[in-house]
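J.: Submitted below is the structure of interest, expressed as structure tokens.
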Amino acid sequence: MSTYTRWEYLTVPLLIHATKQILDNYGEEGWELVQVVPGPNPESLVAYLKRPLSEG
Numbered sequence: 008m009s010t011y012t013r014w015e016y017l018t019v020p021l022l023i024h025a026t027k028q029i030l031d032n033y034g035e036e037g038w039e040l041v042q043v044v045p046g047p048n049p050e051s052l053v054a055y056l057k058r059p060l061s062e063g
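According to the numbering used here, the stretch in the sequence shown is residues 8 to 63, in order.
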């Protein structure tokens, strides 16, 4: 039987002046950056993150 990784996902608004700090904070919690896309206004971005789903 093959096993596979189950993921949980999170979208996070990023402020342009604090992008590194925000991503570092989520990275410490085990989140991996998947993609960054433009946000709803020119001053923002949206990050898509994932991490393995905890079993149990």
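Where is the CB? At the ideal position from N, CA and C, for every residue including glycine. Every value quoted in this text rests on a predicted model; they were computed, and no experiment measured them.
Nearest CA to the CA of K93: which residue from Y11, K27, T26 and G34?
T.: Not covered by the structure: residue 93. The range shown for the chain is 8 to 63.
J.: Quick check on the burial criterion: 16 or more other C-beta atoms within 10 angstroms. Buried or exposed for A54?
T.: Counted from its first residue, the sequence shown places residue 54 at position 47. Buried, because 16 or more other Cβ atoms sit within 10 Å of the Cβ of A54.
J.: Taking the C-alpha atoms as reference points, what is the distance between I29 and P47?
T.: The residue labelled residue 29 in the question sits at position 22 within the sequence shown. The residue labelled residue 47 in the question sits at position 40 within the sequence shown. Taking the straight line joining both Cα atoms gives about 18 Å.
J.: Based on the DSSP output, what are the partners of R13 in its beta bridges?
T.: Translated into the one-based positions of the sequence shown, residue 13 becomes position 6. DSSP output for R13 lists no bridge partner at all.
J.: What does P59 pair with, by DSSP beta-bridge criteria?
T.: Working through the sequence shown from its first residue, we reach residue 59 at position 52. P59 pairs with W14.
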